[in-house]
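Numbering (this note's numbering), first residue to last: 97 to 409. Even for Gly, the Cβ is constructed at its ideal location relative to N, Cα and C. These numbers come from a predicted model, not from an experiment. Comments concern the structure below.
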């Protein structure tokens, strides 16, 4: 008999489950990519108009786990999916609250959201189980306008694939320049602790990787892909979907990842590459899928204006 997954206090209002107000920890102050600091570094973020280093989007996924487990039970840990469009950043010390609408009878998909105390929307999207279609990002992908006049992503093409890479996450493993902390470090400050994450006291008899740390694992070797993205430029996660296909991802187990560029899009301030990461277990069958919209900020690329003129006159 395993322990309860969470002891998180859950309330209900207007047919939605609400988690507690939480203040997620910012653990990426020292993040480095392309040999420069990231949007999670205070000075870098402030240069780009943010009040400080932003809390990484998937950090918020932990607050949805108790709500989804309350709705779907064990199935959440085996075929759960969070699909989110990040709307505004949160910063260290700010409180945020997750809410999940109760799904209609016999439905395995529902809407989710997160807000700050002042009502600012952090993210919106869907939660689901069982491989259902119609997730927030599936719908969003269909509505994207093609990227016009790319500069940072000029050399990138939809359909590009990477070679497979082996990844795993041990408790004390440093996860590289992108994620300068370990799973054990994260578990000390995670907003929703669970015995499922740290030991064998769960239905699978071994520790599982928390939902928010799946992003860390799946991105662990992403910088080795060498996709032809011009830089250095500061990037941020704008949309993200993580879907489990057949059970939890386990601590200490080896997986392999393969990435494919599935879309290019843009806005006034950004150029975005949408990458689908397929995660394979040791039996070579897919275990999880992540869809990530990595948006590069045009103003952070020093050569943007000169290269634009060179490319487009």
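The beta carbon of residue 112 sits closer than 8 Å to those of 195, 196, 197 and 198, all from its chain and outside the five residues before and after it, given in chain order. If you check the CB distance, residue 185 and residue 287 do not come in under 7 Å. Around the C-beta of residue 335, 16 or more other C-beta atoms lie within 10 Å, and the residue is accordingly described as buried. Contact annotation: the stretch 175 to 189 touches the stretch 214 to 222, with at least three C-beta pairs closer than 8 Å.
Boundaries of the alpha helix (DSSP H) around residue 166: 161 to 168. Annotated three-state conformation of residue 181 is strand, per DSSP. In the three-state reduction of the DSSP assignment, residue 120 falls in the coil class. DSSP places residue 232 in the helix class (H, G or I) of the three-state scheme. By the 16-neighbour rule on beta-carbons within 10 angstroms, residue 337 is buried. Boundaries of the beta strand (DSSP E) around residue 356: 351 to 362. Take the alpha-carbon of residue 240 and the one of residue 230: they are about 15 Å apart. In this structure the stretch 275 to 286 does not lie against the stretch 372 to 381, because fewer than three pairs of beta carbons, one per stretch, are closer than 8 Å. Assignment of residue 318 by DSSP, reduced to helix, strand and coil, places it in the helix class. The DSSP assignment places 261 to 263 as complete runs of the beta strand (DSSP E) inside the stretch 230 to 301, in order along the chain (cut-off: 3 residues).
In the pairwise beta carbon analysis, the stretch 99 to 118 is classified as touching the stretch 161 to 178: at least three pairs are separated by under 8 Å. Note that the C-beta distance between residue 311 and residue 232 is not below 7 Å. DSSP lists 192 as the bridge partner or partners of residue 212. DSSP places residue 407 in the uninterrupted alpha helix (DSSP H) bounded by 400 to 408. Between the beta-carbon of residue 398 and that of residue 366 there is about 16 Å, and that puts the pair past the 8 Å contact cut.
Secondary structure at residue 375: strand, using DSSP grouped into helix, strand and coil. Residues of the same chain with a CB within less than 6 Å of the CB of residue 388, apart from the 5 flanking positions on each side, are 336 and 371 in chain order. Taking all protein chains in view, the Cβ of residue 339 is crowded by 16 or more other Cβ atoms within 10 Å, so the residue is classified as buried. Judged by DSSP secondary structure, residue 335 falls within the beta strand (DSSP E) whose first and last residues are 331 to 340.
Between residue 353 and residue 261, the C-beta gap is smaller than 7 Å, which places the two residues in contact. For residue 221, the secondary structure class from DSSP, reduced to helix, strand or coil, is strand.
Annotated as proximal: residue 304 and residue 344, with beta-carbon spacing under 7 Å.
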